[in-house]
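Trainee: First residue of the sequence shown: 2, per our numbering; consecutive thereafter. Ideal Cβ placement from N, Cα and C applies to all residues, glycine included. Quick caveat, the model's predicted, so the values are computed rather than measured.
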Amino acid sequence: AAAIRDALTDYRDAIRYLVAETVKGMNAGLDPVTIAANLTLPDRLADKPYLQEYYGHIGYASRAYFAGTLGWFDGNPTSLAQLPPATEATKFIELAGGADHLLAIATKALEDEEWQWAMELTDRLITADVAASAARKLKIEALRNLADLTVNAPTRNYYLLCARELEEI
Numbered sequence: 002a003a004a005i006r007d008a009l010t011d012y013r014d015a016i017r018y019l020v021a022e023t024v025k026g027m028n029a030g031l032d033p034v035t036i037a038a039n040l041t042l043p044d045r046l047a048d049k050p051y052l053q054e055y056y057g058h059i060g061y062a063s064r065a066y067f068a069g070t071l072g073w074f075d076g077n078p079t080s081l082a083q084l085p086p087a088t089e090a091t092k093f094i095e096l097a098g099g100a101d102h103l104l105a106i107a108t109k110a111l112e113d114e115e116w117q118w119a120m121e122l123t124d125r126l127i128t129a130d131v132a133a134s135a136a137r138k139l140k141i142e143a144l145r146n147l148a149d150l151t152v153n154a155p156t157r158n159y160y161l162l163c164a165r166e167l168e169e170i
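#1: When you compare each of LEU71, ALA154, GLU112 to LEU31 by their alpha carbons, which one comes out closest?
#2: Inspect the beta-carbon positions of MET27 and ILE36 and report whether they are closer than 9 Å.
#3: State yes or no: is the C-beta of HIS102 nearer than 8 Å to some heavy atom of the ligand ADP?
#4: Which runs of the alpha helix (DSSP H) at least 4 residues long sit entirely within the stretch 14-77? Give them in chain order.
#5: Between the C-alpha atoms of PRO117 and ALA3, what's the straight-line distance to the nearest angstrom?
#6: Examine chain D for any beta-carbon lying closer than 9 Å to the beta-carbon of LEU103, and answer yes or no.
#7: Which same chain residues end up closer than 8 Å to GLU54 when comparing Cβ atoms and leaving out the 5 residues on each side of it in sequence?
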């Protein structure tokens with residue numbers, strides 16, 4: 002009974018902490034991505050085996066709480082009328098010096114083991130359908146590397162599934 006009470010108390014405390022820190026970030030005018038990126042459980046909770054992020058993820062829960070509380074709007078007026086993804090991607094590629102240059106930067110990101118950055122760069126090329134085949138290959142490599150580093154089962158599975166889907170295009 003004591004072990005069950007302790008575990009449930011820890012779950013409750015972790016949820017309360019997540020909500021309080023997310024609200025604190027929201028009140029400070031932070032966007033959901035920044036709040037989630039900087040959120041970790043306190044040491045007394047982080048070391049509990051039943052609170053490890055094998056299935057859930059504190060950053061995902063924080064972003065969900067943000068969206069459920071404030072909706073899609075992150076407080077930035079630019080977000081009110083964002084460019085469609087293909088238009089933004091085309092302008093981003095032009096700004097980066099063209100598709101070949103952006104592809105070279107994405108390749109360097111992979112070499113530097115900056116998997117997320119590589120995916121964000123290749124997404125622009127894929128979305129704009131410029132050098133998309135080469136970009137897909139780089140993104141597949143980034144996804145597989147991220148999957149290898151991820152203990153969260155749903156996230157790992159999704160990285161691998163998306164890599165496979167990109168291979169089949």
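Mentor: Concretely, from the data shown:
#1: Distances from the CA of LEU31 to each of LEU71, ALA154, GLU112 were compared; the closest alpha carbon is that of LEU71.
#2: Yes, they are a contact pair.
#3: This structure simply doesn't include the ligand ADP, nor any ligand for that matter.
#4: List check, alpha helix (DSSP H) in window: 33-38, 44-47, 59-71.
#5: The sequence shown places Gln at residue 117, rather than the Pro named in the question. Put simply, the backbone Cα of GLN117 is about 42 Å away from that of ALA3.
#6: Note that chain D does not occur in the displayed structure, where there is just one protein chain.
#7: The answer, listed in chain order, is VAL152, ASN153.
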